[in-house]
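Chains as they are written, first to last, in numbering that gives the first Met the number 0: chain C, 0 to 254; chain L, 0 to 375.
Please read the structure below before turning to the comments.
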Amino acid sequence: MLEVRNLHKVYPNGTVALTDVSFRVDDGEFLVVIGLSGSGKSTLLRCLNRLIEPSQGQILWDGVDVTAASGAELRRIRRHIGMVFQQFNLVKRSSVLTNVLAGRLGFANPWLSLLGVWPPSDRAMALRALERVGIRDKAEARADALSGGQQQRVGIARALMQEPKLILADEPVASLDPVLSHSILQYLEQLNKEEKITVICSLHFLDLVHRYATRVIALKDGKVVFTGLPQEIDKARFKAIYGEDAVEVRAGMTA
Amino acid sequence: MSVPRPLRTTLTALAVLALIAFAWNGSQVDFARLVNSLSKGWPLLQDFLTPDVLGREIQPVTLQLAVPVPCGSAAEAPPAASGPRLVPSVPCAAPRDKFTVEGFDLAPNTELQLRWRLPSGQYFPGPFITTDADGYFKAEFEARPIVATKDGVPGQIEVELQVEVGNLRPSPTLHIVLDNVVVTIFMALMATVAAVVVAAPLSFLAAQNVMKRGPVGTAIYYLTRTFFNVFRSYEAIVLATVFAFWVGFGPFAGVLALTIVTIASLGKLYSEAVEGIDPGPVEALTATGANRLQVVLFAIVPQIVPNFLSFTIYHWDINVRISTIIGYVGGGGIGYYLAQMINTSQNSKAGTAIWAIVIVVWVMDFLSAEVRKRYT
């Protein structure tokens, strides 16, 4: 269980990104974070694994205070949290296999990994992860030779190498064709349902939210303005989250 | 106080013009001298443009002319009719007689020393002469008693000539120049390799995105950057002078000077490459729980390899150029040879060195461009 208590984030330039954000995520949930661009979704997700340092507040994960952890302890916490990014964040010039193996760095022998030596068990695991997202045949290709959808699948495979209990997905489909959105989200849904991995995912399109979320929190100007089930987001709430001028746009192709 | 815009523009223009006028004076610009003194520069330029590249083997040949003193003391030698030859104005002479000797078809514009070869086999020096453009000279002689015939052997007037024989082949100068060019290229290579070994790790310490986290990292960042900036502002030629006194004149001094300048220069270029990477992979691998060194190796290094390679090859190319210059102040290699030849007015040999430098720089330029094209 993840518990966020009174989280604040103010950037050094004075931008207030998060104000008094509190929520709980039970194990096995598929929590979707919605809100306009700049509402603080990315900051929130990055605070959870401390890629961004929160200014105030507490994050407790299975009773461990993530906000208090430092150095080696923080790395031990991070290696159980997979992360998937809008821009995939692959090393473009490296092979797909190397990118996937890099997900295992937190567990690997530090010295051997620096030499690029991986135990056969890790290699086998990487190939299984690629198999799982359907691109095992691309293992030797350079990452930038793959299409966007394939690159995001590499990103998921990299997260799988961590055998994560939690996956943070920051707009995982925003850089992809709407057609591909479902294919990526279905992989996340599958991991959520079959492996009982908790997923916290930020999304843009409401129809995707309705289709995949078990629960939703909405951010507006860094504050939580809604917490509840996806079907509870009616016209009034929609306007409250996205503003008076907003019109709902669909990703289309409901699977 | 506000100055109206047109006035400000005029004032600025006047200030710039005044500055240029001062600069004109200060740098002693004198175009008249440039044109009038063309006759001084032209021969030098011609020598530079006609390098000493090919030559024939040189053999010493001694021309001899027997002059019996007094007349009748030995057989007179009839002068040769053609080829390099010495012709006396008299076939024989009485002691204390004065006569002239002419030389024909010798090497043109060459300084030679005439001498007497005495009957005893010893030499008695004669006058220095310089042949004209046709290889001709005329010199005064006096039949001193010391050159008198002894036991029927007459004294002889001699001149030693350097005669070219055989086929054209690379001149000795070309051999020396090529050796020195290789030394220069190796100097540049050594300096570049040594600099890469130091600069590559240091460059990460001078990259904001790696180091600007926490006070210690920031301090190291500024320290490394300052080091790069300070040593980049030292010209290699200044350092080469210092090292030439320190470790002695020669290529090693040049390599040391080049290495330091290259560390600073490459370090700066590398660190900018590190700062220019896509931060996404760094973020992604940090999120997996990788440590700092693992992140650098897996997320940053693959991104900078093409730039590092390209900068390194480019810098080797630059270093070949610089090392010719620092050779000039005692850094060894082709630059040192060029300096020696110019200082001793051996301008054709200097020309060979100049052409060699030009060709090497062209070739390095071309090769480095090709290699960089392939890796980026």
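Even glycine gets a Cβ: it sits at the ideal position worked out from N, Cα and C.
Once the 5 residues before and after residue i are set aside, which same chain residues still bring their CB inside 6 Å of it?
i, result
"C/Thr253", "With a pLDDT of 49 at C/Thr253, under the threshold of 50, the modelled position of that residue is not reliable, and no figure is offered here."
"L/Val197", "Ile262"
"C/Asn191", "Phe29 and Val198"
"L/Val89", "Phe98"
"L/Ile19", "none"
Please state whether DSSP places residue i in a helix, a strand or coil.
i, result
"L/Tyr233", "coil"
"L/Thr9", "helix"
"C/Val246", "coil"
"L/Met210", "helix"
"L/Trp354", "helix"
"L/Thr129", "strand"
"C/Asn98", "helix"
"C/Ser201", "strand"
"L/Lys137", "strand"
"L/Asn342", "helix"
"C/Ile155", "helix"
"L/Ile57", "strand"
"L/Met186", "helix"
"L/Asp46", "helix"
"C/Phe29", "strand"
"C/Thr253", "The pLDDT assigned to C/Thr253 is 49, lower than 50, so where the model puts this residue is not dependable, and the model offers no usable value."
"L/Arg168", "strand"
"L/Val363", "The amino acid at residue 363 of chain L is misidentified as Val; the sequence shows Met. The answer is helix: DSSP assigns L/Met363 an H, G or I state."
"L/Trp245", "helix"
Spatial neighbours of residue i within its chain, please: C-beta separation below 7 Å, excluding the five flanking residues on both sides.
i, result
"C/Leu73", "Arg49"
"C/Val132", "Arg152, Ile155, Ala156 and Tyr186"
"L/Gly253", "Met186, Ala239, Ser322, Ile325, Gly326, Gly330, Gly331 and Gly332"
"L/Val281", "Val294, Ala298 and Ile299"
"C/Phe84", "Gly154 and Asp169"
"C/Ile240", "Ile33, Gly34, Ala217, Lys219, Val224 and Phe225"
What does residue i reach in chain C if we use C-beta pairs closer than 9 Å?
i, result
"L/Pro280", "Asn88, Leu89, Val90, Lys91, Ser93, Asn98 and Ala101"
"L/Gln293", "Ala101, Leu104, Gly105, Ala107, Pro109, Ser112 and Leu113"
Which chain C residues are close to residue i, counting only those with a beta carbon under 7 Å from its beta carbon?
i, result
"L/Pro301", "Val90, Arg92 and Ser93"
"L/Phe203", "Ordered by position in chain C, no residue passes the 7 Å Cβ test against L/Phe203, which lies about 14 Å from the chain."
"L/Ala272", "Simply none; closest approach about 13 Å."
"L/Ala298", "Val90"
"L/Leu284", "Ala101 and Leu104"
"L/Gln207", "The contacting residues do not exist; L/Gln207 stays about 14 Å from chain C at best."
Kindly give me the distance between the Cβ atoms of residue i and residue j, rounded to whole angstroms, as I take these residues to be in contact under 8 Å.
i, j, result
"C/Val99", "C/Ala125", "4 Å"
"L/Ala235", "L/Val319", "Not a contact, Cβ separation roughly 12 Å."
"L/Ala355", "L/Val176", "5 Å"
"C/Lys91", "C/Ile51", "Not a contact, Cβ separation roughly 24 Å."
"C/Ile33", "C/Leu165", "Contact flag wrong, Cβ pair sits at about 19 Å."
"L/Ser381", "L/Gly332", "Absent from the structure is residue 381 of chain L, since the part of chain L shown begins at 0 and ends at 375."
"C/Ala173", "C/Met82", "Actually they are not in contact, since the Cβ atoms of C/Ala173 and C/Met82 sit about 15 Å apart, beyond 8 Å."
"L/Leu64", "L/Pro83", "No, L/Leu64 and L/Pro83 are not in contact; Cβ-Cβ is about 12 Å, not under 8 Å."
So, for residue i: in the same chain, excluding its five sequence neighbours on each side, which residues have a beta-carbon less than 8 Å away from its beta-carbon?
i, result
"C/Leu6", "Leu17, Asp19, Val20, Ser21, Leu43, Cys46, Pro53, Gln55, Gly56, Gln57 and Ile58"
"C/Glu139", "Ser94, Val95 and Leu96"
"C/Gly105", "Arg74, Arg75, Arg77, Arg78 and Gln161"
"C/Lys238", "Ala245"
"L/Glu56", "Glu163, Val164, Gly165 and Arg168"
"L/Ala349", "Asp46, Phe47, Leu337, Met340 and Ile341"
Along chain L, which residues have their Cβ under 7 Å away from the Cβ of residue i?
i, result
"C/Arg74", "Gly288 and Asn290"
"C/Leu47", "Within 7 Å Cβ-Cβ: nothing; C/Leu47 doesn't reach chain L, min ~10 Å."
"C/Pro53", "Here the premise fails: no neighbours, minimum Cβ distance about 16 Å."
"C/Phe84", "Gly279 and Ala283"
"C/Leu50", "Glu282, Thr285 and Ala286"
Run through chain L and tell me which residues come within less than 8 Å of residue i, C-beta to C-beta.
i, result
"C/Arg127", "Residues of chain L passing the Cβ test: none, with the nearest at roughly 17 Å."
"C/Arg78", "Thr287 and Gly288"
"C/Leu165", "None at all; the shortest Cβ gap to chain L is about 11 Å."
"C/Leu43", "Neighbours of C/Leu43 on chain L: none; closest Cβ ~14 Å, over 8 Å."
"C/Leu17", "By Cβ distance, chain L contributes nothing, its closest Cβ being about 18 Å from C/Leu17, past 8 Å."
Which residues bound the alpha helix (DSSP H) around residue i?
i, result
"L/Arg143", "Run containing L/Arg143: none; DSSP gives neither H nor E here."
"L/Ile312", "Val300 to Ile325"
"C/His181", "Pro177 to Glu193"
"C/Arg4", "Here C/Arg4 belongs to no alpha helix (DSSP H); instead the beta strand (DSSP E) covers Leu1 to Val9."
"L/Lys283", "A small fix is needed here, since residue 283 of chain L is Ala in this sequence, not Lys. Segment Gly279 to Ala286, the alpha helix (DSSP H) holding L/Ala283."
"L/Thr258", "Pro250 to Glu274"
"C/Gln55", "Run containing C/Gln55: none in the alpha helix (DSSP H); it sits in the beta strand (DSSP E), Gln55 to Trp60."
How far does the beta strand (DSSP E) with residue i in it reach, from first residue to last?
i, result
"C/Asn88", "Element bounds for C/Asn88: n/a, residue is neither H nor E."
"L/Pro87", "Arg84 to Pro87"
"C/Thr18", "Val15 to Val24"
"L/Leu33", "From DSSP, L/Leu33 is part of no beta strand (DSSP E) but of the alpha helix (DSSP H) over Phe30 to Asn35."
"C/Leu167", "Leu165 to Asp169"
What does residue i touch in chain L if you count any residue whose Cβ is under 9 Å from its own?
i, result
"C/Gln149", "Under the 9 Å cutoff, chain L gives no residues; its nearest Cβ is about 16 Å from C/Gln149."
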